[in-house]
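Here the protein sequences come in this chain order: A and B. Start counting the first sequence at 1; every next residue gets the next number (the numbering used here). Start counting the second sequence at 115; every next residue gets the next number (the numbering used here).
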Amino acid sequence: AQSVTQPDIHITVSEGASLELRCNYSYGATPYLFWYVQSPGQGLQLLLKYFSGDTLVQGIKGFEAEFKRSQSSFNLRKPSVHWSDAAEYFCAVGAGNQGGKLIFGQGTELSVKP
Amino acid sequence: NAGVMQNPRHLVRRRGQEARLRCSPMKGHSHVYWYRQLPEEGLKFMVYLQKENIIDESGMPKERFSAEFPKEGPSILRIQQVVRGDSAAYFCASSPGGGMNTEAFFGQGTRLTVV
Numbered sequence: 001a002q003s004v005t006q007p008d009i010h011i012t013v014s015e016g017a018s019l020e021l022r023c024n025y026s027y028g029a030t031p032y033l034f035w036y037v038q039s040p041g042q043g044l045q046l047l048l049k050y051f052s053g054d055t056l057v058q059g060i061k062g063f064e065a066e067f068k069r070s071q072s073s074f075n076l077r078k079p080s081v082h083w084s085d086a087a088e089y090f091c092a093v094g095a096g097n098q099g100g101k102l103i104f105g106q107g108t109e110l111s112v113k114p
Numbered sequence: 115n116a117g118v119m120q121n122p123r124h125l126v127r128r129r130g131q132e133a134r135l136r137c138s139p140m141k142g143h144s145h146v147y148w149y150r151q152l153p154e155e156g157l158k159f160m161v162y163l164q165k166e167n168i169i170d171e172s173g174m175p176k177e178r179f180s181a182e183f184p185k186e187g188p189s190i191l192r193i194q195q196v197v198r199g200d201s202a203a204y205f206c207a208s209s210p211g212g213g214m215n216t217e218a219f220f221g222q223g224t225r226l227t228v229v
């Protein structure tokens with residue numbers, strides 16, 4: 001069965017430090033992978049997506065993610081975190097053959113220390 | 115181009131009442147998806163609709179929940195006889211097509227509280 005695991009429920013980093021959020025997926029075929037960000041009380045905003053091609057994907061707000069098939073991972077990174085990055089981050093994999101049908105991980109809450 | 119619009123943003127219902135959640139997709143989008151987010155959890159797929167058709171309802175609870183997307187007007191998620199466990203955030207997403215490489219855009223959600 002398809003699934004997404006985000007091993008870290010909560011991460012705290014200092015402002016200006018680098019960030020890596022982990023995501024592991026289970027999927028039989030080539031996955032379609034997404035990272036979304038959710039600010040408190042808000043909807044989800046797409047940060048980046050991987051469909052095919054270059055395994056290093058650039059997104060908005062300075063985020064990037066690397067698809068590693070051998071490790072079934074799609075980790076999200078940012079070289080220097082800003083206080084405004086504090087939010088909840090969700091990794092998702094496309095399910096079946098329907099574009100908007102996604103399987104989400106449980107999310108990682110990011111706190112940023114001044 | 116307005117984004118996906120959901121209303122109301124917050125909804126309070128007493129146990130046993132009905133809840134109606136509305137979703138207007140982005141202009142030009144004919145595919146709608148509903149998700150539920152329980153406290154401290156990720157989003158769970160509920161149902162996928164195109165105009166006048168339910169395509170995939172594999173995530174819908176078997177009882178009390180229904181969804182529609184009429185030819186005219188918004189998509190509606192209806193929960194009858196609500197219970198405390200229905201308290202959650204309900205998100206709608208829309209896309210212009212249904213293919214796997216199609217991006218879905220999310221609304222801001224409706225937060226349902228059952229008292």
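Here a beta-carbon is modelled for each residue, glycine too, at the ideal position from N, C-alpha and C. Computed from a prediction, not measured in an experiment: that's the story for all the values here.
Problem set entry | Bridge partner(s) assigned by DSSP for B:M119 | Indexing the second sequence from 1 puts residue 119 of chain B at position 5. For B:M119, which the question treats as bridged, DSSP gives the partners B:S138.
For this session: Tell me, please, whether the CB atom of A:K113 is closer than 8 Å to any CB atom in chain B?
Result: As a working mapping, residue 113 of chain A is identified with position 113 in the first sequence. By this cut-off, A:K113 is not an interface position.
Exercise. Cβ atoms of A:R77 and A:I64: under 8 Å apart, would you say?
Worked result: Sequence index remark: in the first sequence, residue 64 of chain A carries index 64 (1-based). Sequence index remark: in the first sequence, residue 77 of chain A carries index 77 (1-based). The question names Ile, but residue 64 of chain A in the sequence shown is Glu. Yes, Cβ-Cβ distance for A:E64 and A:R77 is below 8 Å.
For this session: Say whether the region 130-140 of chain B touches the region 32-40 of chain A, bearing in mind that this needs 3 or more beta-carbon pairs closer than 8 Å, one atom from each stretch.
Result: No: fewer than three Cβ pairs fall under 8 Å.
For this session: Reducing DSSP to helix, strand and coil, say where A:G94 ends up.
Result: Taking the first residue of the first sequence as 1, we reach residue 94 of chain A at position 94. A:G94 sits in a strand when the DSSP states are folded into three classes.
Exercise. Would B:E217 count as contacting chain A if we go by Cβ distances under 8 Å?
Worked result: Walking along the second sequence from the start, residue 217 of chain B turns up at place 103. At least one chain A Cβ lies under 8 Å of B:E217.
Exercise. Is A:T55 buried or exposed, if buried means 16 or more other CB atoms sit within 10 Å of its CB?
Worked result: The count along the first sequence starts at 1 and reaches residue 55 of chain A at position 55. Looking at its Cβ environment, which holds fewer than 16 other Cβ atoms inside 10 Å, A:T55 is exposed.
Exercise. Taking the alpha carbon of A:C23 as the point to measure from, which residue in A:K113, A:G107, A:P114 and A:Q42 has its own alpha carbon closest?
Worked result: Against the first sequence, residue 23 of chain A aligns to sequence position 23. With distances taken between Cα atoms, A:C23 lies closest to A:G107.
For this session: Give the interface partners of A:Q106 over in chain B, defined as CB-CB distance under 9 Å, in chain order.
Result: Here residue 106 of chain A refers to the residue found at position 106 when the first sequence is read from its first residue. Correct list: E154, E155 and G156.
Problem set entry | Where A:S72 sits in the DSSP three-state scheme | The count along the first sequence starts at 1 and reaches residue 72 of chain A at position 72. Coil.
Exercise. Hey, is A:F74's beta-carbon within less than 8 Å of any beta-carbon in chain B?
Worked result: Along the first sequence, read from residue 1 onward, the residue named residue 74 of chain A stands at position 74. No, its Cβ sits nowhere closer than 8 Å to a Cβ of chain B.
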